[in-house]
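Q: Below you will find the structure I want to go over with you.
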Amino acid sequence: ATLSGCVSPGDPSAKGSAGASDGPLKPGGKPAGELTILDDNTNKVFQASAIAAFQSATGIKVKTYTMGNFNDLHDRFATLFAAKDSTVDVVMTWAGWTAEFGQAGWLQELDQTAVPKDLIKPALDAVSWRGKVYGLPKFSSVQTMFWNKTLAKQAGLDADKAPATWDEFVAAAKAMTRPGQYGYACDIGNPAGAYQNFLRVLLLNGGDMYDQDYKPIFNSEQGVEALTKFKELLTLHKVMDPASLQTTNASDLGDQFARGSTGIVFNWPFQYAVATGKASKLTAQTVGNGLIPGISVRSASIDGSEGFAINNYSKNKEAALAWLQFVTTGTVQQKIVDQEGWFPVTSTVLDDPKSAAALPVVTTYKETTKYATKRWGTPWSNELDQLLSVQLNNVMNGKTPPRDALNSAASQTEALVKRYLK
Amino acid sequence: MAGQDPAPVDGAATPARRRSRRRTRELRFAIGMAAPALVIIVLLLGYPMGYAVFMSGFDWSEKTATPPSFVGLGNYAAVMHDPQVLAALLRTLFFAAVTVGAGVTLAVLIAVLLNVEFRGRTLVRVLLLVPWAVPPVVNGIMWKLIFDGSTGVVNAIGLGLGIFHDRVQFLADPTWTMNVLVFAETWKLLPFLCLLMLAGLQGIPANIYKAARVDGAGAWQRFLRITLPNLRGPITFALVVQTMWSLKVFDTIYVLTGGSGGPAEGTTTINFLAYLVTFSNLDRGYGAAIAISATVLVLLFAVFWTVVLRDRKEVAR
Amino acid sequence: MLVGVLLVYLLAPFLWMALYSLFPASALQSLTPNLDPRLITLGSYRRLLGDSSFLVPMAHSAIVGISTTVVCMVLGSGCAYVLARYRFPGRHTLLVGMLTVQAVPVIVLAVPLFVLLRAFGMYDTLPGLVVTYTAFILPLVVWMLVGFFQEVPPSLERAAVIDACSRLQIVWRIAVPLAAPGMAATAVLAFITSWSDFFLAKVLTSGNAATLPVRTAAFQGLFAMDYTAAATAGVITAVPVLLLALVAQRWIIRGLVEGAVKG
Amino acid sequence: MAQIELKKVQKTYGRGRNAVPAVHELTYTIGDGDFVSLLGPSGCGKSTTLNMIAGLDEVSGGEILIDGARVDDLDPDKRDLAFVFQDYALYPHMDVAANIGFGLKMRKVAKPEIERRVRDAARRLDIEHVLGSRPRNLSGGQRQRVALARAIARRPKVFLFDEPLSNLDALLRDQTRSELKMLHAELGATSVYVTHDQEEAMTLSDKIAVMSRGNLEQYGTPYEIYHRPATRFVASFVGKPRMNLLPAVRSERGRYAVGGSSFFVDAGDAPDRAVVGLRPEECQLDKVSADQRHGVVKVVEPLGNVSDVIVDLGSALFTVRTPGFSSFSVGDDVRISVERASVHCFDEDSGLRV
Amino acid sequence: MAQIELKKVQKTYGRGRNAVPAVHELTYTIGDGDFVSLLGPSGCGKSTTLNMIAGLDEVSGGEILIDGARVDDLDPDKRDLAFVFQDYALYPHMDVAANIGFGLKMRKVAKPEIERRVRDAARRLDIEHVLGSRPRNLSGGQRQRVALARAIARRPKVFLFDEPLSNLDALLRDQTRSELKMLHAELGATSVYVTHDQEEAMTLSDKIAVMSRGNLEQYGTPYEIYHRPATRFVASFVGKPRMNLLPAVRSERGRYAVGGSSFFVDAGDAPDRAVVGLRPEECQLDKVSADQRHGVVKVVEPLGNVSDVIVDLGSALFTVRTPGFSSFSVGDDVRISVERASVHCFDEDSGLRV
Ligand SMILES: Nc1ncnc2c1ncn2[C@@H]1O[C@H](COP(=O)(O)OP(=O)(O)OP(=O)(O)O)[C@@H](O)[C@H]1O
Ligand SMILES: Nc1ncnc2c1ncn2[C@@H]1O[C@H](COP(=O)(O)OP(=O)(O)OP(=O)(O)O)[C@@H](O)[C@H]1O
Ligand SMILES: [Mg+2]
Ligand SMILES: [Mg+2]
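Residue numbers (the numbering used here), protein chains in the order written: chain H, 1 to 422; chain S, 423 to 739; chain R, 740 to 1002; chain F, 1003 to 1356; chain D, 1357 to 1710.
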C-alpha cells in the first residue's frame, strides 16, 4: 500500500497544491533546517563560496549540493516529482521547466513579497508561468553576437564595426567564408537548439511565437521570411557551417568559435569566457561583441536565464526560499558575473560599473534589453522543440519549403496548446 | 474399525511416509536454492512491469493539472494510429533488421574465419572481445568523435584519400545518422554474436566435413550445405536475442545524439520514443502503452524462439 | 589479410578514441588532425584521476559492478542449478521466461522502480543499484548457467552422493568447479552489463551513488562539452572491462565457445 | 560384509500416462561375499536395479534389505557401499589422490588415515605414480583403476559396478577383468556387477542375474546359465558364438525337423512345435555330396585357432564352430552332426525351457 | 575396381620442433578386389594411413598409386572412393535419403538415378523404412547401416572403413560383421578396413597389415599372421586369449627354461636368450602333486564351452585354455604340456621372429 500510494492515479491530491502549506509561499520568520539542492553543472560559484556564505549568514545547513548534467536533470526531476519525493528541496529551473513543472503542480508558488524588487524582467520570466512565480533566477542570459576580429581583418572588413543589419551580416559572413572556414555557425543539431535558432530569426524579423491566447502565429509572413533567410545562410549564401546541423549544444559552438575557424556566432554570454580562455585561439582583443543584427528590426534576442525553484513536496520550504533569495543578493550575483561570465539578475548589479569592467559583454546585454528578448517557455516546450526540429531539419535539407514546414508545425502546436492549456 | 487391524495400515504408510520425507527434503533444497533469485526478479521486475501495464490503461499526463483518468485500451488504440509511432516503428525495424542481419552475417563469416587454425588465432579471438568491453555510453562518444562533421576522422580520411569532395555531415542528416548508429551498434554487438557462432561451429563434428569432401562438395558447397544448416540453432538464437537487444538500444542513441534521438527524430526508435514520451512529454500512460506494444512485438519473436528452443533441446538429447 | 582487416575494424575505433584522450584538444579537434607524437600528453588522465568528482563515481561503478556480479552469481547459480537438474511442471516456461525478460524495456520500469527503491530507502544508494541490476541481469545469468550446469555429467553428482556429499556440497564442490569456465564467462558478462549501464543509473541515482557511465556522459554538458575528457573517461571506463576480458579471456572464450552459449 | 535381498522390487519412471516401467518385481538374494553380475542387453533395467540398491533411485514398489534391514529410506551414503561408474565419474577438478580420498573426507575421516588408505588403494592398483595427476591426463586404463581405487579406499560392505570395463579397449579389458577377479578374491566384499557382455559375466561371477526388458530371466551360477538356460532369451544371450535357435517341428519318431530343412534332431518329449537350440561349438560339420547335404557353406570366419562356418539351411542360417583354420570354403555342401551336442528346447510362445 | 600401392609413404604432423611422425615409410600393395585390414592399437597411425589413401591428409613423403597412377595431388572426390567413418559422420541436418544421395548429388548425377540408387542401397541394408528420418532418430545400428548405404550408393572403386563397428554393441557388431563380409563378396570392390579388434580383422580380411607406432609390423593373410607372427608385437596382438610371451633362457639340450621356472620347452636353434610364445589354446594342463608342478592355479575364468586358467609360474603368469567348465580350481598344483603347441621364438631386443 505504501508503494502504490505514492503515485496512485486516483489520488486527487496528486495534483495541484499538495505541499505543506496551501497558497503562495511568503518569506518570514527565521527558517532553519537542512537543504538538499540539485543544480545543473553551469555554475561553480555555489560550491566554491556561496554555500558557505549562505550557511554562515542564515544558520541553515546545506546538506547536499549536487551538480547534475543538464541533459539528465529533466528526467531526474520528472522521476522525483512524479514519485512525490521530498528528499530534494531546491531544484534548478529555466523558463521551459518552470512552465512545465509549475503547471504540473510540482513547484512551490512564491508570493510577490518573496520576489526582490530589482529583478530584471527576462530573468523573472524564466521562473514564472502565466503570472505565477515558481522560483527566483540565479543568472541572466541572453544571446549576443560574437565575431572573430582576426578573420574579419583578413577578409578586409572593419574588424571593430559590428554588422548592424542582416544584409551586412550576410556580407560579412560571406567575406569570412573560405575553404576550411565558415563565416557563420549555429547549433541546430538537437531539438532545443532548433527551436532557439528559429525563435531568434523569428524575433529578428519582428515576428512572434504566440498571440495573447497562445495561438501559434509563428507561421506568419514574418516567420516564413525569417526561416527562408535563415535557410539561405546554408543553401544560398553558403556561409553557414554545415556542421551546424549536427552541433547539439552551445558548448560545441563555443569551442568551434574558439578554435578560430568560424567568423560569427550568436551565443550565450559564456562564449566570451570560452573565447578568451587558455585553449582558445582568440583573446579579449580579437573577440568582437555586439547586438545581433535584425532583419526587419534593429535587433532581438532570446533569453536563457536560469533559476532555482522549490520542490512542492519539500519539507523545508522556508529554508529553501531563503536560499533562493540569497542567490539573488548582490555578493553572489557579482561573483557570477566576475567569475563565470553570466549576466546578473538584478538591475542593481547590472548597473554597477564593476560588472561591465569584469565582463565587457554586459554592455551589449544592457543594449539588448531595449529590444525583444523572449524564450516562450511553456509546458509543451519539449514537444514543440521536437516537432520544430523535424521541420527545421527538413527545411535545411531542402525537403520541405519553409511555409509548409511552419504551417505544419503551427497546426501541431495548436493541438499541443489545446492539450496542455486547459 | 480403525483399531481392528493397525499393523498393515502402518506397514503400508511407513515407507510411503519415509519416501515422501526424502522428497520433501529435496523439495525444500530446490526451493531454497531457487527462491531468492526468483523473488528478486519477480519483485523488481514483476512489480514495475505490472505497474507499467496499469499505467498504460490511464490517460496519465503529468503536465496537465488533471488527475489520471482510466481509458482502458484507449492508449493502445492511439498507438495504432499515431504516425510518430509508425515512423519510429519503421525506423526500429530498419535498425533491428540491419544490425541483426549484418551482425549475424558478419559473425558467421568471422567465426568461420576464426575457426581455421592459424598463428595468433587466440590473440585475434581475445581482441575480438574489445568492442564487447566498450560500454554503450563510451560507444556513443567514440562514434561521435569519429563521424563528427567537422573534426571527425572519417572526414579527414575521406578528404585525404579524395573519396569525399566535401565534408560529409554524417550526424546532420537523419538517414546518415541512422546508418552511423547501425554501424556503431553492429560493431559493438559483433563479438558476442561471433562467440555464439564459434560455439556453434565447434559443435559440428569435424568428420562430416571430411565426409562431404569425399562426397565431392567444394569449399563453398561445404559452407552452404554443411556449415550453414548446422548453425541454424545458434543463428536463430542470435537473431531473436539480438532483435530483443536491438529494440532496446538506448544508451548509444542517447549519447550519440545528445539525448534527442535526432536529428529530426532520425534515430528515434520505438524504445527511444517511449523514453521521450515518458520523460520529456511526461505522458506516462501513453509512454507505457508504446513501450508495452513494442514489448509485445518482441514477445512474438520470443514465442517463435520457444518453438526453436524446443526443437534444439530435442537435438541435444 | 582478412584477419588484418578484421583487426583494424575491431580496434581502430577504440584506438582513435584513445588518441583523442592523449592529444590536446587543439591537435585532433580540428579539420585536419595533427598526429605529432610530441604532442602526446597524459594531462587529461592526470586531471581526471586527480578529480574526486570522477574518482568517486569510478569507485561506485567498481563497487556496484563487483557486488552485482557476486550477488548474481550466487543467487543465479542456485536457481540455475535447480532449473538444470530438477524436472518439474513449469520448468520450461520459467526458462523461456528468463529469456523473455530480455525483451522488457527498461524505460517504462524506471518510474515504478524508483518508487519501489525509495520505499525501501534505497534510492540513490549503491545497494539500490545493486539490487536493481541484479534483477535485470539475473535472468540472463540464470539462463546461461542452466546451460553450463547441464553440461556437468550427472554421473559425477551421483558419485558425489555416494561419497556422502550433501546437496549443497554437490553444488559447491562439484557443479560449480566444473562449470567454472562458463561461470567465469557469465560473471564477466554480468560485470560488463552492470558496470556499463547508463539509463538506470541516471534515473536511480542522484549525487550520492552516481556511477562512471553517468559521469562520463556528463562531459556532454550544455555549456561544457569536453571531448578530450570524454574520450579519456571513455578509455578509463572501458579499460577495466578490457583488462578483465583479457585476464579472463581463456575462460570466456572456453566458456562461451565450448559451453555453447545458450544466452 | 553384507547380504542383499530384493523383494518384488519395482521401478517406474514418470507418472500417469508417461509412466515407463523400467523394472518388474525383481526377487532374489545376493549372498554375503558373492560376486553377482546383472547381465542383459541395453535398456533392460540393469543400471536401474543397481541404482536402487545404491539408493540413487527410489524404489517404486517392493523392498530392498541389506543384512536384513530395510534401506528404502536410507540415503546412499548411509548404506555403506561404493559405486564404480561406467564413465568412471572421476572429479576432473581434483587430482587422483583427492579423487580417491574424497569420499573419506566427506565422511570426516582423519587426514592421516585418509592419506594412509589412499596410498594403500593406489598401491594395490599400481597407480601410486599418478596420484598427483588430474584425471584428464590419464589413459583410459589408469582412469579405470582410479575409479576402482576410489571404491576400494572406502572399504565398504558392498561394491557396485556399472559396466566398469565397457570403455576400455579389448586388451585392457581382458587384463582388468582378471585383476578385478583377483581383487574380489582378496577383499571378499559383496559385489554387484552390471554388464551387457556375457563373457565378462561368465568369467567374473559367482552368480548371474540375466535380465531382459525389466524382467529377471534367470538367476543362477554361470554353469547353470550356460548349460541349462531357463529361457530362450538366456540361451540366445549367453555363449559366443550365439546359440543356433531354430523353430522345429516334430515329425516321425520323436525327431524334429530344424528350420523346415532336412536336418533333424532328437529332443525327447517336447511339444509338437518348439524352438530348438544348439551351441555352434558342440556341433560338427562334414563335407558331403549334394544329395546328402543339410545345407551349403555361406560364410567362413577364421578366428585363429577356430573358424565359424555359417551354413545356409535354405530357410535359415546355422553356425558351426570348427577347429583350426577351416578346411571348408564357401559353397561346400555340408552335413551337420549333433551327436555330442546337448539339445535345448524352448516353448514357442512363452520362450520357457521345456 | 582398383589396386592401391603405397610406396614409402610417410606422414609427419606439425613442423620443426613440434613435428610428430605419425607414419613411417609404409610400403605394400592392396590387390584389386581385396579386403585388407589395417590392424593395430590406438594411435598407431591406422586412421592417418587411411586418410592419406583417401586424400583427406596429404602425404609427407613417398607416394600412393591407385591403379598405377599417382594420386598425391588428387582431391578426395577425384579418387573415386567412399569412406565410412567411425562415428558415421552422417549429416545431422539431412534425412537418411538425402544423406545417402548427397555424394551423388554433388557429382551431378540425375535425380531419378539418385533416387534409384538410394532405394537400392537402402534395400540392400534393410533401412528402406527409415529413409525419411533424421540420423538422430535412428539407433546406433541403423546409423551404421546408413553410413554403409551412403558408401554403397556411390559404387566407388574403393571402400575405406575407419573402425565402422566400434560404436556398436557386441551382438550388433557380430551381426554387422557378417553382413559386411557378404556385402564385400557381392560387390567385390577393393576395401581397406581400419580396426583395433584382431578378431574383426581375422574374420573379415583377405590380408591384414598389422601396425604399431607408425610402423608396419607384418603384412599377410590371416593365416600367416596367426600362425607365423613376424614380430613379438604381432604375436601378442593377434589371437585371443593373448599368446603367452615369456623370456626364456637356453639350458641343457636345446631346451629353454620359461620365465625362470621349472617349465621347459623345445625351440630348435634359437639364440641363448629369447622370448618364447605359446598360444593358450594349444597348451594343456594336468593336475599333479606339488613336487611335479610347474605352477599353481591362480584364476579360473569359465567362458561356457571353455575356461581360461591362469597359472602362476612363480616369476610369471601363464594362461591355458581348457575345454568345458574347468575342473581346475584356484590353488591346484598343475603341470603344463606343450606337445601339440607350436613354439614361437622372438629376439629379445628386436622382437623379430627367429
Ligand atoms: N530417468 C529416466 N526416466 C525415464 N526412463 C528411464 C530413466 N532412466 C532409465 N529409463 C528407462 O528405463 C529402462 C531401463 O534403463 P537402464 O538405464 O536401467 O538400462 P540398462 O540396462 O542400464 O541399459 P544400458 O546397458 O544401456 O546402460 C530403459 O528403457 C530406459 O529408457
Ligand atoms: N592432426 C594431428 N596433429 C598432430 N598429431 C596427430 C594428428 N592426428 C593424429 N596425430 C597423431 O598421429 C598418431 C597416429 O594417429 P591416428 O589417428 O592415425 O591413430 P589411429 O591408429 O587411428 O588410432 P585410433 O585407433 O585411436 O583411432 C597419433 O600419435 C596421433 O597423436
Ligand atoms: Mg546402464
Ligand atoms: Mg583412428
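Beta carbons: idealized from backbone N, C-alpha and C, even for Gly.
Which of helix, strand or coil does DSSP assign to residue 1210 of chain F?
A: In the structure shown, residue 1210 of chain F sits in a strand (DSSP, three-state: E or B).
Q: With a threshold of 8 Å between beta-carbons, can residue 823 of chain R be considered close to chain S, or not?
A: No, its Cβ sits nowhere closer than 8 Å to a Cβ of chain S.
Q: Give the range of the beta strand (DSSP E) segment to which residue 1319 of chain F is assigned.
A: It spans 1319–1325 - the beta strand (DSSP E) in which residue 1319 of chain F sits, taken as one unbroken run.
Q: By the 8 Å beta-carbon criterion, what residues does the stretch 627–646 of chain S contribute toward chain D?
A: Within the stretch 627–646 of chain S, the residues whose Cβ lies closer than 8 Å to some Cβ of chain D are 627, 629, 630, 632, 633, 634, 635, 636, 637, 638, 639 and 643, listed in chain order.
Q: Give the range of the beta strand (DSSP E) segment to which residue 396 of chain H is assigned.
A: Segment 381–396 is the alpha helix (DSSP H) holding residue 396 of chain H; no beta strand (DSSP E) there.
Q: Under a Cβ-count criterion, where at least 16 other Cβ atoms within 10 Å of its own Cβ denotes burial, should residue 103 of chain H be classed as buried or exposed?
A: Residue 103 of chain H should be labelled buried.
Q: Anything in the stretch 1392–1426 of chain D with a Cβ closer than 9 Å to a Cβ of chain S? List those residues in chain order, please.
A: Answer set for the stretch 1392–1426 of chain D: 1407, 1410, 1411 and 1412.
Q: What residues from chain H crowd round residue 586 of chain S, counting only those whose CB sits closer than 8 Å?
A: Correct list: empty, because the minimum Cβ distance to chain H is about 12 Å.
Q: Kindly provide the chain-ordered list of residues whose Cβ lies closer than 7 Å to any non-hydrogen atom of ligand 3.
A: Those residues are F/1048, F/1049, F/1088, F/1164, F/1165 and F/1196, given in chain order.
Q: Against residue 648 of chain S, what residues of chain D qualify as contacts under a CB-to-CB distance less than 9 Å, listed in chain order?
A: In chain order: 1447 and 1449.
Q: Return the first residue and the last residue of the beta strand (DSSP E) that residue 890 of chain R is part of.
A: Careful: residue 890 of chain R lies outside any beta strand (DSSP E), inside the alpha helix (DSSP H) at 865–890.
Q: Is residue 21 of chain H helix, strand or coil by DSSP?
A: Because residue 21 of chain H carries a pLDDT of 49, less than 50, the predicted location of this residue cannot be relied on, and the following value inherits that uncertainty. The answer is coil: DSSP assigns residue 21 of chain H none of H, G, I, E or B.
Q: Give the residues of chain F in contact with residue 920 of chain R, contact being defined as C-beta atoms less than 8 Å apart.
A: Here the premise fails: no neighbours, minimum Cβ distance about 11 Å.
Q: Taking 8 Å as the threshold (C-beta atoms), are residue 339 of chain H and residue 349 of chain H in contact?
A: Going by C-beta atoms, residue 349 of chain H is not nearer than 8 Å to residue 339 of chain H.
Q: Closest by CA to residue 394 of chain H, which one among H/78, H/405 and H/385?
A: Nearest option by C-alpha distance: H/405.
Q: Any heavy atom of ligand 6 inside 7 Å of the beta-carbon of residue 1552 of chain D?
A: The model depicted lacks ligand 6 and carries ligand 1, ligand 2, ligand 3 and ligand 4 instead.
Q: Residues in the stretch 799–815 of chain R with C-beta within 8 Å of chain S's C-beta atoms, listed in sequence order?
A: So the list reads 814 and 815, given in the order they occur along the chain.
Q: Ligand 2 and residue 1376 of chain D: does the residue's C-beta get closer than 7 Å to at least one heavy atom of that ligand?
A: Yes.
Q: With a 10 Å radius around its C-beta and 16 neighbouring C-beta atoms as the bar for buried, classify residue 1283 of chain F as buried or exposed.
A: Buried, since its Cβ has 16 or more Cβ neighbours within 10 Å.
Q: Using beta carbons (cut-off 8 Å, strictly below), is residue 1499 of chain D in contact with chain F?
A: Taking Cβ atoms only, chain F never reaches closer than 8 Å to residue 1499 of chain D, which makes this a no.
Q: So residue 942 of chain R contacts chain H; which residues on that side make the cut at Cβ distance below 8 Å?
A: The contacting residues are 75, 76 and 79.
Q: Does the beta-carbon of residue 1695 of chain D have 16 or more other beta-carbons within 10 angstroms, so that it is buried, or is it exposed?
A: It is exposed - the Cβ of residue 1695 of chain D has fewer than 16 other Cβ atoms within 10 Å.
Q: Just the C-alpha distance for residue 381 of chain H and residue 89 of chain H, rounded to the nearest angstrom, thanks.
A: Going from the Cα of residue 381 of chain H to the Cα of residue 89 of chain H covers about 24 Å.
Q: Given a cut-off of 8 Å on the beta-carbon distance, is the pair residue 1506 of chain D and residue 1455 of chain D in contact?
A: In this structure, residue 1455 of chain D lies closer than 8 Å to residue 1506 of chain D by Cβ.
Q: Answer with yes or no whether the minimum CB distance from residue 857 of chain R to chain H is below 8 Å.
A: It does: the Cβ of residue 857 of chain R has a partner Cβ on chain H nearer than 8 Å.
Q: Can you tell me whether residue 1547 of chain D is helix, strand or coil according to DSSP?
A: Three-state DSSP puts residue 1547 of chain D in a strand.
Q: Beta-carbon of residue 853 of chain R versus every beta-carbon of chain H: anything under 8 Å?
A: Closer than 8 Å: yes.
Q: Chain R partners of residue 309 of chain H, CB-CB under 8 Å?
A: Within chain R, no residue comes near residue 309 of chain H; the closest Cβ sits about 17 Å away, beyond 8 Å.
Q: Using a Cβ-Cβ cut-off of 6 Å (strictly less than) and excluding sequence neighbours within five positions of residue 1154 of chain F, which residues of its own chain qualify?
A: These residues qualify, in order along the chain: 1123.
Q: In the DSSP assignment, the beta strand (DSSP E) including residue 135 of chain H goes from what residue to what residue?
A: 135–139 is the span of the beta strand (DSSP E), which, as asked, contains residue 135 of chain H.
Q: Would you please verify whether the beta carbon of residue 740 of chain R is less than 8 Å from any beta carbon of chain S?
A: No, because no Cβ of chain S sits closer than 8 Å to the Cβ of residue 740 of chain R.
Q: Taking only the alpha-carbon atoms, compute the straight-line gap between residue 30 of chain H and residue 233 of chain H and give it to the nearest angstrom.
A: Each residue's Cα considered, the two are about 57 Å apart.
Q: Below 8 Å CB to CB, which residues in the same chain sit around residue 1629 of chain D once its five sequence neighbours on both sides are set aside?
A: Result list for residue 1629 of chain D: 1603, 1604, 1605, 1606 and 1704, in chain order.
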